[in-house]
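Here is the structure we will look at.
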Amino acid sequence: MGTVALTYVVPAHNSASAIEPTLRALAGRLAGRDAEVVVVENGSTDGTGDLLERLAAGWDHPGVSLRVLRSAKGMGNAYRAGIAASRGERVVLTADDLPFGFDDLDAADGVDPTVHPVVVGSKGHRDSDVDRGLLRHVLTRGFRLLRRLVLGMRTLDPQGTFVLAGDWARAVGPRLTEPGYLVTTELCFLAERSGVQPLEVPVRLAPAHRGHGSRVTARDVWQMGAGLAGIRRRHGAAVAGGVRGAAAQR
Numbered sequence: 001m002g003t004v005a006l007t008y009v010v011p012a013h014n015s016a017s018a019i020e021p022t023l024r025a026l027a028g029r030l031a032g033r034d035a036e037v038v039v040v041e042n043g044s045t046d047g048t049g050d051l052l053e054r055l056a057a058g059w060d061h062p063g064v065s066l067r068v069l070r071s072a073k074g075m076g077n078a079y080r081a082g083i084a085a086s087r088g089e090r091v092v093l094t095a096d097d098l099p100f101g102f103d104d105l106d107a108a109d110g111v112d113p114t115v116h117p118v119v120v121g122s123k124g125h126r127d128s129d130v131d132r133g134l135l136r137h138v139l140t141r142g143f144r145l146l147r148r149l150v151l152g153m154r155t156l157d158p159q160g161t162f163v164l165a166g167d168w169a170r171a172v173g174p175r176l177t178e179p180g181y182l183v184t185t186e187l188c189f190l191a192e193r194s195g196v197q198p199l200e201v202p203v204r205l206a207p208a209h210r211g212h213g214s215r216v217t218a219r220d221v222w223q224m225g226a227g228l229a230g231i232r233r234r235h236g237a238a239v240a241g242g243v244r245g246a247a248a249q250r
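Residue numbers are given in my numbering: position 35 of the sequence shown equals residue 35, and the series is strictly consecutive.
In structure tokens, the structure reads:
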């Protein structure tokens with residue numbers, strides 16, 4: 001199979017209510033772009049896998065192919081599988097409900113991927129429209145400080161959506177070890193340590209995501225701290241130059 005211009009990687013865990021409208025939106029938006037959508041079902045118990053098989057069997061969108069993969073449960077496991085299978089000159093990592101619509105892609109279309117191989121649809125950008133309440137704002141600031149203290153991270157929102165240079169993504173993919181949501185923080189850490197500063201672009205949060213109260217617990221905060229420490233332990237001393245060099249050889 002040859003390369004395509006763009007790969008969308010969509011993790012799907014218990015996504016039966018969201019994935020079909022997302023695939024319709026992707027088919028419409030990517031028409032004529034020589035694109036592929038790679039959906040990675042991971043540990044669903046709500047029939048998502050069966051639904052994806054039916055959707056794939058009836059897929060009829062010339063110029064936009066659909067592949068369905070499976071991985072162990074977890075966003076990190078799904079993203080690794082999707083990146084490894086990707087063929088795109090650029091690779092988009094998003095969620096099963098497209099939280100920012102296509103703001104991230106629209107912004108990245110104006111960015112040279114050889115200059116900025118990592119573009120982040122960032123809730124931390126000053127021009128983003130992502131009002132989600134005072135408590136979530138305070139927690140976001142706290143997590144940002146924690147990442148800064150533990151990892152020295154400059155990226156404001158490493159848990160946004162990503163538009164990556166394809167070769168860069170496939171070079172860094174095998175280094176990713178986080179099984180869950182911290183995988184994109186790990187990706188940003190690897191980028192920064194190799195001299196690639198992610199470019200954060202503004203996004204607008206979809207209406208369905210607004211007003212959601214935070215469900216973060218003290219246990220979640222502890223787990224994030226432990227996860228960040230694990231990322232630093234695994235990658236802190238041996239990253240510089242490795243990812244950039246691997247991508248340059250491809």
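Idealized CB from N, CA, C, for every residue including glycine.
- Burial is judged here by how many other beta carbons sit within 10 angstroms of a residue's own beta carbon; residue 197 has fewer than 16 and is exposed.
- Between residue 205 and residue 130, the C-beta spacing is below 8 Å.
- Going by DSSP, residue 48 is part of the alpha helix (DSSP H) stretching over 48-57.
- For residue 186, the enclosing alpha helix (DSSP H) has its first and last residue at 183-193.
- Spatial neighbours of residue 181 in its own chain (CB-CB distance under 6 Å, excluding positions within 5 residues in sequence) are listed in chain order as 75.
- 71 is the residue among 56, 37, 71, 22 whose C-alpha sits nearest the C-alpha of residue 44.
- With fewer than 16 other Cβ atoms inside 10 Å of its own Cβ, residue 137 counts as exposed.
- DSSP lists no bridge partner for residue 77.
- Secondary structure remark: continuous alpha helix (DSSP H) runs of at least 4 residues inside the stretch 106-190, in chain order: 134-151, 166-172.
- Contact between the stretch 77-90 and the stretch 50-62 is absent: fewer than three C-beta pairs spanning the two stretches fall below 8 Å.
- In the three-state reduction of the DSSP assignment, residue 7 falls in the strand class.
- Counting C-beta pairs closer than 8 Å gives fewer than three between the stretch 98-107 and the stretch 182-192, which falls short of the contact rule.
- Taking 8 Å as the cut-off, the beta carbon of residue 151 is found no closer than this to the beta carbon of residue 98.
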